[in-house]
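If you read the sequences in order, they're chains A, B, C and D. Numbers 1 to 291, taken from our numbering, label the letters of the first sequence in order. Numbers 1 to 291, taken from our numbering, label the letters of the second sequence in order. Numbers 1 to 291, taken from our numbering, label the letters of the third sequence in order. Numbers 1 to 291, taken from our numbering, label the letters of the fourth sequence in order. Worksheet: the structure to be examined is printed underneath.
There are 4 protein chains.
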Amino acid sequence: MRIGFIGLGSMGKGMATNLLKAGHQLLVWNRSQEAVESLVKQGAIATRHPTEAFVADVVISMLADDTVTRTVLIESGALASSKPGLIHLSMATLSVAFVREMAELHASAGVELIAAPVFGRNDLAESGMLNIVVAGPQGAIAKVQPLLDVLGQKTWPMGEDPVSASVLKIATNMMLISAIEATGEAMALSQSYGVANNDFVDFITGTLFSAPAYKVYGPKIARRETEGAGFTLRLGLKDVGLALKAGEPNHVPLPFASVLRDNLLDAVALGQGENDLAALGVRAIKRSGQE
Amino acid sequence: MRIGFIGLGSMGKGMATNLLKAGHQLLVWNRSQEAVESLVKQGAIATRHPTEAFVADVVISMLADDTVTRTVLIESGALASSKPGLIHLSMATLSVAFVREMAELHASAGVELIAAPVFGRNDLAESGMLNIVVAGPQGAIAKVQPLLDVLGQKTWPMGEDPVSASVLKIATNMMLISAIEATGEAMALSQSYGVANNDFVDFITGTLFSAPAYKVYGPKIARRETEGAGFTLRLGLKDVGLALKAGEPNHVPLPFASVLRDNLLDAVALGQGENDLAALGVRAIKRSGQE
Amino acid sequence: MRIGFIGLGSMGKGMATNLLKAGHQLLVWNRSQEAVESLVKQGAIATRHPTEAFVADVVISMLADDTVTRTVLIESGALASSKPGLIHLSMATLSVAFVREMAELHASAGVELIAAPVFGRNDLAESGMLNIVVAGPQGAIAKVQPLLDVLGQKTWPMGEDPVSASVLKIATNMMLISAIEATGEAMALSQSYGVANNDFVDFITGTLFSAPAYKVYGPKIARRETEGAGFTLRLGLKDVGLALKAGEPNHVPLPFASVLRDNLLDAVALGQGENDLAALGVRAIKRSGQE
Amino acid sequence: MRIGFIGLGSMGKGMATNLLKAGHQLLVWNRSQEAVESLVKQGAIATRHPTEAFVADVVISMLADDTVTRTVLIESGALASSKPGLIHLSMATLSVAFVREMAELHASAGVELIAAPVFGRNDLAESGMLNIVVAGPQGAIAKVQPLLDVLGQKTWPMGEDPVSASVLKIATNMMLISAIEATGEAMALSQSYGVANNDFVDFITGTLFSAPAYKVYGPKIARRETEGAGFTLRLGLKDVGLALKAGEPNHVPLPFASVLRDNLLDAVALGQGENDLAALGVRAIKRSGQE
Chain A
1 MRIGFIGLGS
11 MGKGMATNLL
21 KAGHQLLVWN
31 RSQEAVESLV
41 KQGAIATRHP
51 TEAFVADVVI
61 SMLADDTVTR
71 TVLIESGALA
81 SSKPGLIHLS
91 MATLSVAFVR
101 EMAELHASAG
111 VELIAAPVFG
121 RNDLAESGML
131 NIVVAGPQGA
141 IAKVQPLLDV
151 LGQKTWPMGE
161 DPVSASVLKI
171 ATNMMLISAI
181 EATGEAMALS
191 QSYGVANNDF
201 VDFITGTLFS
211 APAYKVYGPK
221 IARRETEGAG
231 FTLRLGLKDV
241 GLALKAGEPN
251 HVPLPFASVL
261 RDNLLDAVAL
271 GQGENDLAAL
281 GVRAIKRSGQ
291 E
Chain B
1 MRIGFIGLGS
11 MGKGMATNLL
21 KAGHQLLVWN
31 RSQEAVESLV
41 KQGAIATRHP
51 TEAFVADVVI
61 SMLADDTVTR
71 TVLIESGALA
81 SSKPGLIHLS
91 MATLSVAFVR
101 EMAELHASAG
111 VELIAAPVFG
121 RNDLAESGML
131 NIVVAGPQGA
141 IAKVQPLLDV
151 LGQKTWPMGE
161 DPVSASVLKI
171 ATNMMLISAI
181 EATGEAMALS
191 QSYGVANNDF
201 VDFITGTLFS
211 APAYKVYGPK
221 IARRETEGAG
231 FTLRLGLKDV
241 GLALKAGEPN
251 HVPLPFASVL
261 RDNLLDAVAL
271 GQGENDLAAL
281 GVRAIKRSGQ
291 E
Chain C
1 MRIGFIGLGS
11 MGKGMATNLL
21 KAGHQLLVWN
31 RSQEAVESLV
41 KQGAIATRHP
51 TEAFVADVVI
61 SMLADDTVTR
71 TVLIESGALA
81 SSKPGLIHLS
91 MATLSVAFVR
101 EMAELHASAG
111 VELIAAPVFG
121 RNDLAESGML
131 NIVVAGPQGA
141 IAKVQPLLDV
151 LGQKTWPMGE
161 DPVSASVLKI
171 ATNMMLISAI
181 EATGEAMALS
191 QSYGVANNDF
201 VDFITGTLFS
211 APAYKVYGPK
221 IARRETEGAG
231 FTLRLGLKDV
241 GLALKAGEPN
251 HVPLPFASVL
261 RDNLLDAVAL
271 GQGENDLAAL
281 GVRAIKRSGQ
291 E
Chain D
1 MRIGFIGLGS
11 MGKGMATNLL
21 KAGHQLLVWN
31 RSQEAVESLV
41 KQGAIATRHP
51 TEAFVADVVI
61 SMLADDTVTR
71 TVLIESGALA
81 SSKPGLIHLS
91 MATLSVAFVR
101 EMAELHASAG
111 VELIAAPVFG
121 RNDLAESGML
131 NIVVAGPQGA
141 IAKVQPLLDV
151 LGQKTWPMGE
161 DPVSASVLKI
171 ATNMMLISAI
181 EATGEAMALS
191 QSYGVANNDF
201 VDFITGTLFS
211 APAYKVYGPK
221 IARRETEGAG
231 FTLRLGLKDV
241 GLALKAGEPN
251 HVPLPFASVL
261 RDNLLDAVAL
271 GQGENDLAAL
281 GVRAIKRSGQ
291 E
């Protein structure tokens, strides 16, 4: 398939590479040229403006946030210039309000919008083992399913409304960050009575919490491993913000998300914005005066 | 082995039955006689006073809380009357302060105290599939290990200090209740944008949260299944209280536990104290005005 | 002085009337014509477009929020069309981000921007007894001081940067709503032990809390007086949102504001959005199962 | 009148001195003898055991907390030994559960219990300007009213049940500590946009918050004045704990008190337990990375 690929950040790069390897033709665009050149070496075609990527059959976008997506796809004129029948596969984590707005703009432009945010970090993007939540017009999804199969280990369909995929991504990230805070608090408490963090993590991940969320972050918190961020505190704060913002028009109180917001701000104020999210759990321990 | 077994509530009954089946001799005591009679039919020997159970080699206690344990084991004179060298295997969920006090009283009485709180509800107690956290004198633990093997699928050693096992139980329950609240909030948010609760649960338990805590409570919350409590809201409130109280002398802030406390009180004030803990997650949805 | 007056809502109406009574010439604009006609009867001149009000020496704006202010003053072209040397006295409660943006736009347009948000409800607007916080170019403030003296009982200068006045308004409203929540919680607790709400209010407003914030809202909560809103829950939620949003770029955790946000959302979800803010305090009592 | 006075701490000393000055005969008891000697120089009679103070017509107790009061008045045998018709005026801040228990013990002993906790710090105790909340048998209150008039500027009657006075003290302290947190958060926010703390305090204490709670603590927070504690963080944490504990049996959620508890624990963990409560407000500022 001929695919426009917009956004070659830490996630996008691995994804685009996998599509190339699977034999697809890629028209790539990225703000910085370094990533573009690396993809070109692997067979991609460079474009100088997002509009040039919109001549493909499918455009995949994987940009940082609402603001960047708005600038690159909408204000650039790319969406408006796209040929009728194009499918846009939006794979970034975006706010529900912006996805809703995008849905309307795409309808006007005659472009089919699929929201397909992904779960997993760089390594899973590279190995094509992401989990992908997908929502949008069913016919369009069927057409891009082969691409999703290249990018992820499993696709989770959430119906026709792109907003559904967006909110699911946001709600799940809120749960992940809650799990980190809860683990940190539980470790702070048990450590204060002499339980070794490692014993605690072995126990919980061997019993009630034997799941990736805890197996990834539990040992990191126990080892105070906050460098080499796969998922930074600052991004975590952004995602919690997306949850709180999404809850507002629908009057959904989110007391855990509120606590997370304040604790993340506290950590960012201490200069830990670029640290790994595990630092949130470590803060819970430090806040009690323990090392 | 000759075992005194004190406390034949919903958990204790199944545990005592398994010990009988494994060929041990049981001297049982319980406040209400109904449970005693049922065990006697299976071969146990009834006692009329806790003291009579303390003539065994090992006494297992599985009482409701600190207060009942204090009344039945200490104020009754049972502990003081026990023969030297007795091992007391305390398997209930008790406060760290009380376990510490018990440790001192046992030392004075020449009794070895092992704290061995269990994870799992009635069905796992009956099938001998509990997870058991154990801490106490190593020699004593070695002696009761065959009993722990009958009662549980796995024993998790946490060192010499009984308080370690107690705090680990409390900290883990706090995490479990946090997981329920987080799931409820995430469902409230995603439902408000049209995502079906079942789809949400399938996704999270199929990816980041593929663990018992979520697999048990996620579907219950999705189905608003709050009757037939394995673990009641009132008990959940008690356990969160144990966590907060444990944190106080060690100056451990627990913001998630604080939110849980307030939300559990809110639910209890609404008359849901005897409902299943899943009701906490359901409240998160109802609080947003959704059914 | 010749004054353009934009926004004749419940507050603006009383303020404009006072300026007319003090002998000033008013060019008024409002979205709905009813309020305009009422002012015209008192001697004001109606305008059909905001631009027509910008021919005055001073323009006072008192619009609902950022969005309305942006539409009416900026997107309408009014600001851009204004004559050089004009002073714009912005008296609404606006976000710090928008006031900062306005400051830049005004500088470009050669208009002096003064932020002068007011404290007090309709009755104080009508009686000219508002408290006014003011920040902006000192020379400009000196020129409009006679107007501020007509509108308020006291002007509180906060320096040259309009943002200072904006944040002070937001921070003070956050404190006011915190006082309402704290009073509600304290009443819930004392009532549950038999203390009459009136006795409680008499005590606190006669001792440690003998201040308007408590004297206005204490009795309202005690009497469950939530109709006839001077300050609605929905507006309270908006203002708490302004505080949280203002805190974000500066990494200021605001745990009380977070609690307020969730409790206000809860009340709005229950359909109390148009009730008086006192309803927040009443919710604290109801949440405990008390009437 | 012949008065037994138990507890000559920082508050009790000034109170006892005022009673002596007013011509009453005092039988004083205190754990450390230093304070006793100082009172004896002013004309008091020293006792060597609390029981000796219980021969008076009225006993006033002003001890640190539940535990000390239980030891000194109950476990010492003093209450049980008291002559029939004695009035016990309990002026300390005690838990509602303990006051309820005391009420029963006093009834059994034929002693009339009046709870009369006081508001104000050392200086007001010395100048006889305390505010006193009083609840108990009306006849007994009438008899001690002259003493209350010596000790305080005003007495606030709260009915027959001593628990009412106790909970009112606890609820009001919770409000005071909430006011400190709210002020700290508001200052953190406004300071981050350049508003001087002093300007902020002048404004709020000149308008909506012109009350002692804010006039005492606002300037202290602004000046980072956390030494020379009139009311320490540790005592504040104790009082918030009393509120939370009082709320539990009555199912009263107290989300603000929960936040206070965690923030006070955080400050105590940082070693600020003996600092003035103003340190709680200062923490709110520091948590945002500001000095």
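Where a beta carbon is used, it is the ideal one built from N, C-alpha and C, also for glycine.
Query: Every unbroken alpha helix (DSSP H) inside the region 229 to 254 of chain B [4 residues or more]; Result: 233 to 247
Query: 9 Å Cβ cutoff met for residue 167/B and residue 246/B; Result: yes
Query: 8 Å Cβ cut-off: residues of chain D touching residue 270/A; Result: 289
Query: DSSP bridge partner residues for residue 46/A (one or two, in chain order); Result: 28/A
Query: Contact check, residue 172/C vs residue 208/D, beta carbons under 9 Å; Result: yes
Query: Simplified DSSP state of residue 69/C, which is helix, strand or coil; Result: helix
Query: Where residue 212/D sits in the DSSP three-state scheme; Result: helix
Query: Those runs of the alpha helix (DSSP H) which lie wholly inside the region 122 to 157 of chain D and span at least 4 residues; Result: 122 to 126, 138 to 151
Query: Simplified DSSP state of residue 39/C, which is helix, strand or coil; Result: helix
Query: Test: residue 275/B CB closer than 9 Å to a CB of chain D; Result: no
Query: Residue nearest to residue 66/B in terms of C-alpha spacing, selected from 38/B, 42/B, 98/B, 269/B; Result: 98/B
Query: Three CB pairs or more closer than 8 Å across the region 115 to 131 of chain B and the region 142 to 161 of chain B; Result: yes
Query: Beta carbon proximity, residue 181/C to chain A, threshold 9 Å; Result: no
Query: Any C-beta of chain B under 9 Å from that of residue 106/A; Result: no
Query: Neighbour list for residue 123/A in chain B, Cβ cutoff strictly below 9 Å; Result: Here the premise fails: no neighbours, minimum Cβ distance about 15 Å.
Query: For residue 28/D and residue 10/D, the rounded distance between their alpha carbons; Result: 15 Å
Query: Residue 210/B at chain D interface by Cβ criterion, 9 Å; Result: no
Query: Separation of residue 147/C from residue 38/C, as counted between CA atoms; Result: 21 Å
Query: Selection from 1/B, 200/B, 170/B that minimises the alpha carbon distance to residue 184/B; Result: 200/B
Query: Limits of the unbroken beta strand (DSSP E) element including residue 58/B; Result: 58 to 61
Query: Reduced DSSP secondary structure (H/G/I, E/B, other) of residue 34/B; Result: helix
Query: Residue 2/A - partner residues in DSSP beta bridges; Result: 25/A
Query: Same chain only: Cβ atoms within 7 Å of residue 268/B, ignoring 5 sequence neighbours per side; Result: 233, 234, 237
Query: DSSP-derived helix/strand/coil call for residue 179/D; Result: helix
Query: Local Cβ density within 10 Å of residue 127/D, reported as buried at 16 or more and exposed below that; Result: exposed
Query: Presumed contact (8 Å Cβ cut-off) between residue 347/C and residue 26/C, rounded CB distance; Result: Shown here, chain C extends from 1 to 291; a query on residue 347/C therefore has no answer.
Query: Beta-carbon contacts of residue 186/A that lie in its chain and below 6 Å, excluding the five residues immediately before and after; Result: none
Query: Below-9 Å beta-carbon distance, residue 96/D vs any chain B residue; Result: no
Query: is_contact[residue 84/B, chain C] using C-beta, thresh 9 Å; Result: no
Query: Assigned exposure category for residue 12/D - 16 Cβ within 10 Å defines buried; Result: buried
Query: Classification of residue 288/C by the beta-carbon crowding that lies within 10 angstroms, buried from 16 upward; Result: buried
Query: Contact set between the region 246 to 265 of chain D and chain B, restricted to residues whose Cβ is under 8 Å from the partner; Result: 247, 248, 251, 252, 253, 254, 255, 258, 259, 261, 262, 263, 265
Query: Partner residues on chain B for residue 217/A, Cβ-Cβ distance less than 9 Å; Result: None at all; the shortest Cβ gap to chain B is about 10 Å.
Query: Alpha carbon of residue 60/C to alpha carbon of residue 286/C, nearest angstrom; Result: 42 Å
Query: Per-residue burial, residue 123/B [other beta carbons within 10 Å of its own, 16 or more giving buried]; Result: exposed
Query: Length of the line joining the Cα atoms of residue 219/D and residue 82/C; Result: 43 Å
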